[in-house]
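Notes to accompany the following structure.
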Amino acid sequence: MEQLVNTNGAISTKKKKKSVEEQSCFFCAMEDPNPQRRQSTLSSFFSSMPHNDDDPSQVLVMSGLWTYAMTRCDVDPILASSGILRCCSLLINKALNNPSWLHRHQNIYIPYYAAHIIGSFTLHLPRFASLAVSSGCLPSLLSLLRGSMTWIEQRVAVRALGHLASFDDTFPAVETHAGDFIIPVTIHLASTCLQTVYSEPRAKYQRDLLTRGLNGADTEARKAEEWASQLQTWSIYLLCCFAWRDVKWHVDIVTKNGNFMKKLCTMWGGLANGDSPAGVGLMRILCRSELGRTAIAGCVKAVQSLCNLSRSSDDWQYMGIDCLLLLLNNPTTRAQVLPIASPHLTDLAELRRLGSRRRLGEKIINSLSLTELVQRTKMEAEMSLEEIELKCKIAREREKEGNKRLRIGDVEGAVEKYTEALLTCPLKRRKERMVIYSNRATCRVLIGEAEAAISDATRALALSEPANTHGKSLWRRAQGYDMIGMAKESLMDCLTFLNWRYNNYAGKRERIGAVVPYCVVRMINKQMSRVWLFDEVTKKCGGGGGGGDVGVGVSEEGFELGKVVEEMD
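The sequence shown: position 567 = 566 (numbering that gives the first Met the number 0), numbered continuously.
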């Protein structure tokens, strides 16, 4: 049976009677309600499939199994016990050892489908992972990881290996290949995959897998970026499995691979893989060992990336804070890290909790020895209620004076009054202090003091309840980050601002909440082009990242001077 992939991603066929009967037999068996008969038929099919050299229907079967494995393999133990994993392993080996078969019909797709099926079956259930190892899948996956075919197959191979390495029963089998093969190859893969995916010409089957037959350069480019990000993050996850299990592997990751730490701190996964901590996840694990902490502390770029993450609205902000605290609390690395980390963590000293993590501010205060803040807290605790109220009244008056000066354009005067208000306002009045910091951040933006604006906005966001939920401070910090070219941090704040706006105006959504301010749209488009995963690769190859303003379907609403000032309640 000759087969072709049509424009809808489906497989069209010129049917031959025998192949049709074989397909029907397989797909009917998949739906057979009798468990014993179903398992017997499937076992027979999977046993004979790798030894059939001239069956053009195999790609159709593998495509169907690929779809099935992603959605239903966890609830179908019969399929796993029928020999599908052994069949997939043998098909991969056949593809690598028999080029004539691989390039016959559409068999070129089969290794990708086979490795993906193995990864899907081993995603959640340890017993399926053990079955995969006993079925001989590991050598096949290692061959694909080595680069025996292309990055397309490497992507699904490293995914499956990561699943096998995450279970107690199957990790030892993977570990036997770690030091001399898996770790160095995976580090190289994580470091070079963006360059490879962007620059290598793509064969037709690769384009078909990327687009699922929909064609179109835009679809292919978007999917290629997403898959490149997954290849990188899944490679890092595999390294995390080794680093987490035993600190002995920190030597291979840190000392045997040159500048990997400088590259690792830039690997963030992109927006397409926001559920992966990527590089910072591995850095956090490396901080468990003296060797790892020393390596990170010795890389200024890595420490700076952790500082930037700690003052962002990224979901992995807490990891950046954790890493910095581990480095600061270690006598060996404290002196190297303190000058860089201190200004960033000081802005978070009044942070109570971040998600499920409590008392982060106290940990920061103790780590940095912020005696002035501790003394002020003790002094205010000894004050009477009348004294506290008097200080609040004075702070409110100074804050209002700052608002007046800002409205008439006296920005420097407004900064002075806001500073006086902060020195007077009691530390327990968190909401009032949040508003003052936010208003002072506005002034800093207007006079071009980007670093000071970021600091004030961060302090306001640390005081908000929950953290990072004060819309105006998010926007001001996004502007500050934009002023110093920190596109990723600016983009994260813009997206968090939009979420805040949507939730905050739930009752007024038709009038306000569903309308995106035009200035925010422009900022997001600007930063999206800058954080494009292929941006650096494009520059090396002599190209340039694309981007532009979106001017359709958006509001021209901005934040005028009189609107940015927020009064204390």
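Note that the Cβ used here is the ideal one computed from N, Cα and C, for glycine as well.
Asked, Found
"C-beta contact flag for L460 and R432 at 8 Å", "no"
"Cβ pair V336, L290 closer than 8 Å", "no"
"Alpha-carbon to alpha-carbon, F259 and G546", "Low confidence applies to G546: its pLDDT is 35, below 50, so where it sits in the model is not reliable, and the reading given next is rough at best. Spanning the two alpha carbons is a distance of roughly 30 Å."
"Contact under 8 Å by Cβ, V184 with W150", "no"
"Straight-line Cα distance separating M148 from S355", "44 Å"
"Residue closest to M522, alpha-carbon to alpha-carbon, out of L532, T537 and L490", "L490"
"Bridge-paired residues (DSSP) for L462", "Partner(s): none; L462 has no beta bridge."
"Coarse secondary structure for R211, derived from DSSP in three states", "coil"
"Touching by the beta-carbon criterion (3+ pairs, under 8 Å), the stretch 279-287 and the stretch 442-462", "no"
"Same chain, Cβ closer than 6 Å to A296, neighbours up to 5 away in sequence not counted", "L326, T332, Q335 and V336"
"Start-end ranges of the alpha helix (DSSP H) lying completely within the stretch 335-401, minimum 4 residues", "359-367 and 370-380"
"Closest residue to S234 among N214, T210 and W267 (Cα-Cα distance)", "W267"
"Backbone CA spacing between A159 and A113 [nearest angstrom]", "11 Å"
"Start and end residues, alpha helix (DSSP H) containing R126", "P125 to S133"
"Under 8 Å between C-beta atoms of F26 and G82", "no"
"DSSP three-state assignment for P32, whether helix, strand or coil", "coil"
"Residue closest to I387, alpha-carbon to alpha-carbon, out of Y108, D409 and L426", "L426"
"Distance between V60 and Q22 (C-alpha atoms, nearest Å)", "At Q22 the pLDDT is 48, less than 50, meaning the model places this residue with poor confidence and gives no usable figure here."
"Terminal residues of the alpha helix (DSSP H) in which L95 lies", "I83 to N96"
"F259 - containing alpha helix (DSSP H), residue span", "F259 to L263"
"Reference V157, options H187, T495, L372 and R395, closest by Cα", "H187"
"Helix, strand or coil at E516 according to DSSP, with G and I counted as helix", "The residue asked about is misnamed: residue 516 is Pro in this sequence, not Glu. In this structure, P516 counts as strand in the three-state DSSP scheme."
"C-beta contact flag for I435 and A452 at 8 Å", "no"
"Selected residue, minimal CA-CA separation from C86, among W100, Y67, Q57 and C518", "Q57"
"Secondary structure of K487, DSSP reduced to three states", "helix"
"DSSP state of D251 mapped onto helix, strand, coil", "helix"
"Range covered by the alpha helix (DSSP H) that runs through Q231", "A216 to R244"
"Burial state of M382 (16 or more Cβ within 10 Å)", "exposed"
"Selected residue, minimal CA-CA separation from P200, among L350, R211, A220 and G212", "A220"
"Cut-off 7 Å between Cβ atoms - residues of its own chain near A477, not counting five sequence neighbours on either side", "S489, D492, C493, F496 and M522"
"Coil, strand or helix - L150 by DSSP", "Correcting the residue identity first, residue 150 is Trp in this sequence and not Leu. Correct three-state label for W150: helix."
"Exposure of R397, with buried meaning 16 or more beta-carbon neighbours within 10 Å", "buried"
"Residue from R126, P76 and L141 whose Cα sits closest to the Cα of I181", "L141"
"Option nearest A486 by Cα separation, candidates D534, L323, W499 and V514", "D534"
"Check whether G118 and H162 have beta carbons under 8 Å apart", "yes"
"For T175, three-class secondary structure by DSSP", "coil"
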